[in-house]
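Quick note: the sequence shown uses the working numbering, first residue 46, plus one each step.
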Amino acid sequence: MSTVAPPWSYTLHLSRDPRSPGIARSTLRSVLAAYKLGGLAPTAELLASELLTNAHLHTGGPYALHISPLASGRLRLGVWDKDPAVPSGLGAGFAHGVMPDEGSESGRGLALVRAYADAWGASLLREPGGPSGGKVLWAECGWRGPS
46 MSTVAPPWSY TLHLSRDPRS PGIARSTLRS VLAAYKLGGL APTAELLASE
96 LLTNAHLHTG GPYALHISPL ASGRLRLGVW DKDPAVPSGL GAGFAHGVMP
146 DEGSESGRGL ALVRAYADAW GASLLREPGG PSGGKVLWAE CGWRGPS
């Protein structure tokens with residue numbers, strides 16, 4: 046099992062560009078490899094991709110990916126954007142693995158987050174429109190063994 050010392054975290058600020066989620070996934074893979082956490086890459090990339098794509102499709106401005114390990118042995122991925130509206134797909138009433146109806150045209154991305162994350166949620170940030178305003182959607186995944 047990998048240990049993380051000293052503490053680290055990374056934040057990647059992304060422009061509103063359709064290539065940004067792919068750039069963020071590539072950066073995430075590099076960070077995980079550098080810290081010998083490559084075994085987390087498939088799950089972490091899926092979670093980050095869904096959260097980043099949600100920010101890209103449903104908000105009008107830039108967004109950011111934050112990557113940090115937690116003392117609990119989990120990796121937290123947070124995606125910040127300026128929009129304070131929290132998608133209903135991350136609400137408390139949703140359970141792991143519940144997918145939208147077959148006829149539904151959206152909602153599968155956050156359903157995947159709920160299905161693959163060990164924990165997920167949203168945090169509202171108080172300063173509207175500034176780098177401290179908006180929201181952070183986050184998901185956590187635990188160590189899956191050595192890379």
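A virtual CB, placed ideally from N, CA and C, is assigned to each residue, including glycine.
Note that the region 88-101 touches the region 57-66; at least 3 beta-carbon pairs, one per stretch, sit closer than 8 Å. The beta carbon of L77 lies closer than 6 Å to those of G83, L85 and A86 in the same chain, with the five residues before and after it left out. L120 is positioned such that its CB atom lies closer than 7 Å to that of P114. It is roughly 17 Å from the alpha-carbon of R171 to the alpha-carbon of W183. Per DSSP, the continuous alpha helix (DSSP H) segment holding T72 begins and ends at S65 to A79. By a beta-carbon distance limit of 8 Å, K127 does not contact G166. Their separation comes to about 19 Å. Around the beta carbon of A79, fewer than 16 other beta carbons lie within 10 angstroms, which makes this residue exposed. The beta carbon of D163 is closer than 7 Å to those of R119, E185, C186 and G187 in its chain, skipping five residues each way along the sequence. Inter-residue distance for G105 and L155 is about 19 Å (C-alpha atoms, whole angstroms). Distance check between S75 and each of E95, I112 and Y161 places I112 closest, using alpha-carbon atoms only.
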